[in-house]
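Sequence order for the protein chains is A and B.
With our numbering, the residue at position 672 of the first sequence is 672, and numbering never jumps.
Adding 786 to a residue's 1-based position in the second sequence gives its number in our numbering.
In what follows, a single structure is set out as structure tokens and then discussed.
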Amino acid sequence: MSEGIGARVARKEDKRFITGKGKYTDDIRMENQAYAAFVRSPHAHAKVAGIDASAAEAMDGVIAVLNGHELTGDGIGNIICGWAITSKDGSPMNMGAWSALATEKVRYVGDAVAVVIAESQALARLAAEAVEVDYKELPAVAFADKALESGAPEIHDNAPGNLIYDWEIGEAAATDAAIAGAAHVTELEVTNNRLSPNPMEPRSAVATFDASEDHYTLYTTSQNPHVARLVLSAFYNVAPEHKLRVIAPDVGGGFGSKIYIYPEEITCLWASMKTGRSVKWTSDRSEAFMTDAHGRDHITTAKMGFDADGKIVGFKVDTVANFGAYMSLFSSAVPTYLYATLLSGQYNISNVHCNVRAVYTNTVPVDAYRGAGRPEACYLIERMMETAARELGMDPGDLRRKNFIQSFPHETPVIMTYDAGDFDGNLDKALAAAKIADFPARKAEAAARGKLRGIGYSCYIEACGIAPSAAVGSLGAGVGLWESAEVRVNPVGTIEILTGSHSHGQGHETTFAQVVAERFGVPIDNVSIVHGDTDKVQFGMGTYGSRSGAVGLSAIVKAMDKVEAKVKKIAAHTLEASEDDIVIEGGEVKVAGTDKAMAWHEVGLAAYTGHNLPDGLEPGLKEGAFYDPVNFTFPAGAYIAEVEVDPDTGVTEVVQFTAADDFGTIINPMIVEGQVHGGVAQGIGQAMLEQVVYDEDGQLITGSYMDYTMPRAADVPFYTIEHNTTVCPNNPLGIKGCGEAGAIGAPPAVINAITDAIGTNDLQMPATPQAVWSALQTVKTPMAAE
Amino acid sequence: MSNVTMTVNGKSVTRDVPDTTLLSDFLREDLRLTGTHVGCDTSQCGACVVHVDGRAIKACTALAVSLDGSDVTTIEGIADGAQLHPMQAAFNAHHGLQCGFCTPGMIMAGIDMVNRYQAEGTPLTEEAIRHELEGNICRCTGYHNIVKAIEDAAGAMSGMAKAAE
Numbered sequence: 001m002s003e004g005i006g007a008r009v010a011r012k013e014d015k016r017f018i019t020g021k022g023k024y025t026d027d028i029r030m031e032n033q034a035y036a037a038f039v040r041s042p043h044a045h046a047k048v049a050g051i052d053a054s055a056a057e058a059m060d061g062v063i064a065v066l067n068g069h070e071l072t073g074d075g076i077g078n079i080i081c082g083w084a085i086t087s088k089d090g091s092p093m094n095m096g097a098w099s100a101l102a103t104e105k106v107r108y109v110g111d112a113v114a115v116v117i118a119e120s121q122a123l124a125r126l127a128a129e130a131v132e133v134d135y136k137e138l139p140a141v142a143f144a145d146k147a148l149e150s151g152a153p154e155i156h157d158n159a160p161g162n163l164i165y166d167w168e169i170g171e172a173a174a175t176d177a178a179i180a181g182a183a184h185v186t187e188l189e190v191t192n193n194r195l196s197p198n199p200m201e202p203r204s205a206v207a208t209f210d211a212s213e214d215h216y217t218l219y220t221t222s223q224n225p226h227v228a229r230l231v232l233s234a235f236y237n238v239a240p241e242h243k244l245r246v247i248a249p250d251v252g253g254g255f256g257s258k259i260y261i262y263p264e265e266i267t268c269l270w271a272s273m274k275t276g277r278s279v280k281w282t283s284d285r286s287e288a289f290m291t292d293a294h295g296r297d298h299i300t301t302a303k304m305g306f307d308a309d310g311k312i313v314g315f316k317v318d319t320v321a322n323f324g325a326y327m328s329l330f331s332s333a334v335p336t337y338l339y340a341t342l343l344s345g346q347y348n349i350s351n352v353h354c355n356v357r358a359v360y361t362n363t364v365p366v367d368a369y370r371g372a373g374r375p376e377a378c379y380l381i382e383r384m385m386e387t388a389a390r391e392l393g394m395d396p397g398d399l400r401r402k403n404f405i406q407s408f409p410h411e412t413p414v415i416m417t418y419d420a421g422d423f424d425g426n427l428d429k430a431l432a433a434a435k436i437a438d439f440p441a442r443k444a445e446a447a448a449r450g451k452l453r454g455i456g457y458s459c460y461i462e463a464c465g466i467a468p469s470a471a472v473g474s475l476g477a478g479v480g481l482w483e484s485a486e487v488r489v490n491p492v493g494t495i496e497i498l499t500g501s502h503s504h505g506q507g508h509e510t511t512f513a514q515v516v517a518e519r520f521g522v523p524i525d526n527v528s529i530v531h532g533d534t535d536k537v538q539f540g541m542g543t544y545g546s547r548s549g550a551v552g553l554s555a556i557v558k559a560m561d562k563v564e565a566k567v568k569k570i571a572a573h574t575l576e577a578s579e580d581d582i583v584i585e586g587g588e589v590k591v592a593g594t595d596k597a598m599a600w601h602e603v604g605l606a607a608y609t610g611h612n613l614p615d616g617l618e619p620g621l622k623e624g625a626f627y628d629p630v631n632f633t634f635p636a637g638a639y640i641a642e643v644e645v646d647p648d649t650g651v652t653e654v655v656q657f658t659a660a661d662d663f664g665t666i667i668n669p670m671i672v673e674g675q676v677h678g679g680v681a682q683g684i685g686q687a688m689l690e691q692v693v694y695d696e697d698g699q700l701i702t703g704s705y706m707d708y709t710m711p712r713a714a715d716v717p718f719y720t721i722e723h724n725t726t727v728c729p730n731n732p733l734g735i736k737g738c739g740e741a742g743a744i745g746a747p748p749a750v751i752n753a754i755t756d757a758i759g760t761n762d763l764q765m766p767a768t769p770q771a772v773w774s775a776l777q778t779v780k781t782p783m784a785a786e
Numbered sequence: 787m788s789n790v791t792m793t794v795n796g797k798s799v800t801r802d803v804p805d806t807t808l809l810s811d812f813l814r815e816d817l818r819l820t821g822t823h824v825g826c827d828t829s830q831c832g833a834c835v836v837h838v839d840g841r842a843i844k845a846c847t848a849l850a851v852s853l854d855g856s857d858v859t860t861i862e863g864i865a866d867g868a869q870l871h872p873m874q875a876a877f878n879a880h881h882g883l884q885c886g887f888c889t890p891g892m893i894m895a896g897i898d899m900v901n902r903y904q905a906e907g908t909p910l911t912e913e914a915i916r917h918e919l920e921g922n923i924c925r926c927t928g929y930h931n932i933v934k935a936i937e938d939a940a941g942a943m944s945g946m947a948k949a950a951e
């Protein structure tokens, strides 16, 4: 096997990570570096009556204590949400002001009111504790349903009743009528639990202002350094774009939480200008729980109507989404265009209607976390299908198959057009790999050991590769969602790819090189991938939403098309042949059907010497491209979880997990499988372990790994991974994307399996031992005892 | 301030450090060995695991002054020149890392568990590996390939140990 597309190549970037030589933001130390520590509110909701920093300022080694009045006084702008959603009554969303350092009021535990700059991190933290803030406490509300109740404390003046928007999609009357006429209606209430993304590398920033050039440099933990620079320039007024360099070096995971520009990066840049020092801030884990954007947190009621034959006739959904105290960068899009647009699932449904109310609470802002809206949609639909199958007495696979979309393209009632898929094929592969025929024997064997064994399915679909810029623009996005690439062939034939995508674990340095190797026949070691630095790379949109393969690689292919055209011109001229007869094969540029050829590097050399080029052709061999997708891509698959429950304790183990995914073309199966493994583990985490807990007053209870349960090695099994590929027809490589599937598809499979095992459907995530045990107490005759 | 002398990755180092300095800070800030990472501050995540006198410990939980005279090995010190340690090679071969942040701790914990089980003559099963990784959190890999890498490296390290006998 070559190193090209489809090869299971070990990662090129691993060497620096396995030898301890990775360079993460906190590993960077600037000359003249000082340290920032933030003074954070211990209250969920309070007026800031005054700040006395005198004790902190008097401490040896404290350089400055800066507050929000100074920050806004210097013209630093408010943090914004970049996607405008319009309520169903036509009114714009109610976005409350968010200053990087709060001035009049704090709105969640962790909201920053001041920053201390000091000679050491320890000293900065000590001094931050010495800053006395006079808080006048206000009543607080942490839960979205409570925030909507009349008389609830109001968090922003311009959001009456804490309502940010009241939005809908689909035909309400037609859906109501279809459900009213249904032979069977399944009703379900689900909560999608609040999660903390928890990349293992905490967020960090190192900001340096160079007064002699009026220029800023920011090293930071970002998934999208150009977007960071754009927002810092255009909205937060830190510096114009040409006076601000943003570098995202090695980044230790993101999962969405490192898309956004947070108060800390803005403040460090500004504080560097104020103090004339480089300013570094690195979050500790408790700060991460208090400030990194959370994910999910939906409360949903839904009804699905079926005809007498088991066909879905209508799906009606009402969701309340908790946004936290402020609107984060893409928060508004998550429970709307990334959620409700996927509510048709893999099914042919004529009528879907969804209403979403977005709500302020006194909690950490909520935004996209791995899957972003699609896990919430998938969880609802797939819990609904399993529940309906149980109520109808049908096999859960058969009920799904009866409703699967069979022909493509397929337009759903919630504005998506699915381009390709094979939903029966996915389920066939999953069932075969899960050895479904042997399940009764496994269940009986478990029962003999006193365990309740259950099985659950999930047939997910998601939308990735976000997305045609004109389409997202028409839906309110403040940016376009194309991607950029530049392909530089050096005089010696080695190749540098400058990509707007950003790798923070995805393995782009290997997979992108594989695509180039496939195209030009050069070894992957002769290809380097450059990313993550706004001074090196042309503007790019970054990595999130499983878009680097579908969009980022498409831009690279487009640039390679241009390089290939020029290579053929040069070779045709040198070899005295027609351009149409030139082929690139095995590291050579040949005249097809002859022995006339140039080595790849000879073409590079010819391009750069310019001694003998066709008339009018410029020297050099470097081409750029911007690729704007023509549609979303639609990865889909079938997941099957098997669990065993100890009925005495509620302790539940995922004993088998099978994934059959359709990701379109796969560049490196080893890396793709790794993405599924990690996504499924996060999905199992959501289903069984993870939950950000606030008390009613908005105090964060889960503020460390002592309290927030991360999936550990013993919590998950080896996973069985199958692929059932239909090629995406809408991008040059046929890629759909694989980064989020696991986190989207796994939670309903796990909860369907647990509810199957315990014989009651009344169970919410996370299915902790206590929750499972409590649910079991409501069941008189557990299945294993039958 | 106290004067601390340690052997770190085979070299003797001496520094004056505040008594509150954690080993993780001593390695990262004083010695600039930034391969040892800090991911949680509560001794839960294991990104900071190093070896002290041949045993794995969490560097975020030990004071540098308490380790005066100790022999410390970090992720930077386990390869033999350009020759990767079998655990490092196995993590690469099995795709046992994605973002790489937890990886130094995983590799150091992996080496330690293989050494202990081999010293005791106890087989390092999949179940044992998962149990032993209780103090190391990875958010990227779902652990599948980490467990595979440690299983594989255990075999290679056993071969090394036999060859050395």
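Built from N, CA and C at the ideal position, the CB exists for glycine as well.
Residues of chain A with a Cβ closer than 7 Å to the Cβ of Phe-812 (chain B) do not exist; the shortest Cβ-Cβ separation is about 13 Å. DSSP places Ile-758 (chain A) in the helix class (H, G or I) of the three-state scheme.
Listed by position along chain B, the residues whose Cβ is nearer than 9 Å to that of Gly-587 (chain A) form an empty set, because the closest Cβ is around 26 Å away. Chain B places no beta carbon closer than 7 Å to that of Met-688 (chain A), leaving this residue out of the contacts. Within chain A, the residues placing a beta-carbon under 8 Å from that of Gln-874 (chain B) are Ile-18 and Thr-19, ordered along the chain.
By DSSP's assignment, Leu-244 (chain A) forms a beta bridge with A:Tyr-216. At least one C-beta of chain A is nearer than 7 Å to the C-beta of His-930 (chain B). The DSSP-derived three-state label of Leu-123 (chain A) is helix. Following the DSSP letters along the chain, one finds Ala-388 (chain A) inside the alpha helix (DSSP H) bounded by residues 374-392. Per DSSP, Thr-319 (chain A) is one residue of the beta strand (DSSP E) stretching across 312-324.
Rounded to the nearest angstrom, the Cβ distance from Ala-463 (chain A) to Arg-374 (chain A) is 7 Å, consistent with a contact under 8 Å.
Within chain A, the C-beta atoms nearer than 9 Å to that of Cys-831 (chain B) come from Met-200, Arg-285, Tyr-705 and Met-710, in chain order. Under the three-state reduction of DSSP, Leu-613 (chain A) is assigned to coil, being neither helix nor strand. Within the region 560-625 of chain A, the runs of beta strand (DSSP E) that reach at least 3 residues and sit entirely inside it are, in chain order, 582-585, 588-591 and 597-599.
For Asp-827 (chain B), the chain A residues whose C-beta falls within less than 8 Å of its own C-beta are Asp-284, Arg-285, Ser-286 and Ser-704, listed in chain order. In this structure, Ser-196 (chain A) sits near His-294 (chain A), with a CB-CB distance shorter than 7 Å. With its beta carbon less than 7 Å from one in chain A, Gly-886 (chain B) belongs to the interface.
Remark: C-beta atoms of Glu-483 (chain A) and Met-541 (chain A) approach each other more closely than 7 Å.
Glu-265 (chain A) carries a helical assignment under DSSP once its states are collapsed to helix, strand and coil. Closest in C-alpha terms to Thr-633 (chain A), from the list A:Tyr-260, A:Thr-208, A:Gly-685 and A:Leu-338, comes A:Leu-338.
Under DSSP, Glu-642 (chain A) takes part in a beta bridge, and its partners are A:Ile-455 and A:Gln-656. In this structure, the CA atom of Pro-153 (chain A) is about 49 Å from the CA atom of Val-836 (chain B). The DSSP-derived three-state label of Leu-188 (chain A) is strand. Residue-level contact check: Asn-878 (chain B) touches chain A, since one or more beta carbons of chain A fall below 7 Å from its beta carbon.
Less than 7 Å separates the beta-carbon of Met-598 (chain A) from that of Ala-571 (chain A). Annotation for Asn-878 (chain B): the continuous alpha helix (DSSP H) segment containing it runs 872-879.
Taking every protein chain shown into account, the CB of Ser-150 (chain A) has fewer than 16 other CB atoms within 10 angstroms, so this residue is exposed. Among the CB atoms of chain B, one or more fall inside 7 Å of the CB of Phe-718 (chain A).
Rounded to whole angstroms, the gap between the alpha carbons of Ala-517 (chain A) and His-504 (chain A) is 22 Å. Where His-353 (chain A) is concerned, the enclosing beta strand (DSSP E) starts and stops at 352-360. In its chain, beyond the 5 residues on either side, Thr-417 and Asp-419 have a beta carbon closer than 6 Å to the beta carbon of Pro-409 (chain A). Secondary structure of Glu-918 (chain B) (DSSP, three-state): helix. Secondary structure of Gln-506 (chain A) (DSSP, three-state): coil. Ser-41 (chain A) sits buried, since 16 or more C-beta atoms from the chains shown fall within 10 Å of its C-beta. The three-state secondary structure of Ser-944 (chain B), taken from DSSP, is helix. For a Cβ distance threshold of 7 Å, residue set Gly-20 of chain A lies close to Pro-890 (chain B), ordered along the chain.
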